[in-house]
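Protein sequences, first through last, are from chains A and B.
The first sequence runs 0 to 241 under numbering that gives the first Met the number 0.
The second sequence runs 0 to 241 under numbering that gives the first Met the number 0.
The block underneath contains the structure these notes are about, expressed in structure tokens.
Number of protein chains: 2
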Amino acid sequence: MPRFFLDQDQIRNRFIVLTGEQAAHMKVLRMREGELVTVCNGSGTDYRCRISDVSADQVCLVVEHEEPSDAEACVSVSVYMAYAKGDKLEHVIQKATELGAAEILAFPSSRCVVRLDGKTREKKLARWQKIAASAAEQSGRGMIPAVYALDSYEAALGRAAQAETALFFYENEQSHTLSSALSAKLTSVALITGPEGGFTEAEVDSARDHGMQICTLGKRILRCETAPLCALSAVMFAAGEY
Amino acid sequence: MPRFFLDQDQIRNRFIVLTGEQAAHMKVLRMREGELVTVCNGSGTDYRCRISDVSADQVCLVVEHEEPSDAEACVSVSVYMAYAKGDKLEHVIQKATELGAAEILAFPSSRCVVRLDGKTREKKLARWQKIAASAAEQSGRGMIPAVYALDSYEAALGRAAQAETALFFYENEQSHTLSSALSAKLTSVALITGPEGGFTEAEVDSARDHGMQICTLGKRILRCETAPLCALSAVMFAAGEY
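Given below as structure tokens:
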């Protein structure tokens, strides 16, 4: 059954009217009267709807049934990734959304080559949020992960350290594994990974001071866009998602 | 310390002479006499070498020490991925190499849009093997995973089913999790994932007939390039790699 997100405002009544792009989208899918679609409010509720009318420029839906989405993860994982070159961050936003991340946060660190100023940042953020929405729709999620661009490294550490399990991945850490860092029952997890050039020792010390666990992701050096997705996949597995 | 692969033929003596591209590569890295580099034979042995001479068109190395690579995984994982559109297979080859896969095998299935005939196949294979070699070098691996292009779906099933743990991921499987499919001690694991359009029911039945376990990767629909890397990350985690 096709699924797509609508603003909660549009779902207030039992009848939903789609116009413009939304109606065009239904037509691309060749949806007809009587067929079922799932509408999600992006905050965890799914609405099963039947198409009641298809006209030239609008499509009408009737809400038949409403239920909590069953595609959300049992653990809330925040993915913190340092600014990276090219489209790596976009790649991670798309994949982390598929893999069930609750939110994705980009942050600067001393070896980040990429810096975002005010205007570029706003534009990038809008684009990133769109990528998350599209990946959430395609993967059948009930929520769209929020994407943030944090101002400083310290802001990232301070925020991440509030998670019940706050993990910082460092390629020179050899003994403390992700596995030993995870508790039996996971509720909220923060994962911090670095930029292309890695973290400085001072940055690692600062993370430790914030109470984060410094962990290894094994003996192989992972690229900056591989590490967060590897860690996220493993945490979801450890939480019993698959 | 910089690492790179050489053919075993080049490492037969205690003295290694690099010419052409290899010598140029060392110069790009600004390596000088007396500095250390690690040479790998691509089959699991690392050689620590000291640069003894840098001249206009060649660089000479002296082997000081030889030891088994410590970056190889404790479990042998074969990643079987159906042919996919665009550069998805290249992406998976690069990432699966970083994540420690032992080999990567592409295969056709009935919903694959992409088909490879003889000549294109040879060209693609050469390119894929190069991507694996480059990713192995960058991630510090001791082995370059072999990349194969299999002729048929049946060939993929027959080969994969020989692994001690043979797993087939299907989006309509809901109860049998990857976690329940894995034994406590993993030695060899095969992971099969499908193309953009997924597997047909007949293909799933055939996999079951071959003795493969049909598994879910959770409640979210993963793209065809995300599923193998998610499964591989989880298997490496379960095997105690991180």
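Beta carbons are placed, not taken as given, at the ideal position from N, Cα and C, and that holds for glycine.
Neighbours of I220(B) in chain A, taken as residues whose beta carbon is under 8 Å from its own, are E97, Q137, S138, G139 in chain order.
By DSSP's assignment, T192(B) forms a beta bridge with M80(B).
Annotated three-state conformation of F198(A) is coil, per DSSP.
Your pair S138(A) and R219(B) checks out as a contact, with CB atoms roughly 4 Å apart and the cut at 8 Å. For Q9(B), no beta strand (DSSP E) run applies, since DSSP gives it neither H nor E. Residues of chain B whose Cβ lies closer than 8 Å to the Cβ of G157(A) do not exist, since the nearest Cβ in that chain is about 26 Å away.
Between A148(B) and I92(B), the CB-CB gap reaches or exceeds 9 Å. Collapsing the DSSP output to three states places P227(A) in a helix. Look at the segment 196-210 of chain B: it has no residue with a C-beta under 9 Å from a C-beta of chain A. Between the alpha carbons of E163(B) and T225(B) lies a gap of roughly 24 Å.
If you keep only unbroken alpha helix (DSSP H) runs of at least 4 residues inside the segment 71-115 of chain B, you get 87-97.
When the beta-carbon positions are compared, M80(A) and A105(A) come within less than 9 Å of each other.
Taking all protein chains in view, the Cβ of T186(A) is surrounded by fewer than 16 other Cβ atoms within 10 Å, so the residue is classified as exposed. Of the candidates E202(B), L228(B), L5(B), the residue whose Cα lies closest to the Cα of S77(B) is L228(B). The three-state secondary structure of Y241(B), taken from DSSP, is coil.
The beta carbons of P144(B) and A100(B) sit closer together than 9 Å. The beta carbon of T192(B) sits no closer than 9 Å to any beta carbon of chain A.
Contact check for A165(A) against V146(A) fails: the beta carbons are separated by 9 Å or more. Straight-line measurement puts the Cα of H175(A) at about 27 Å from the Cα of R47(B).
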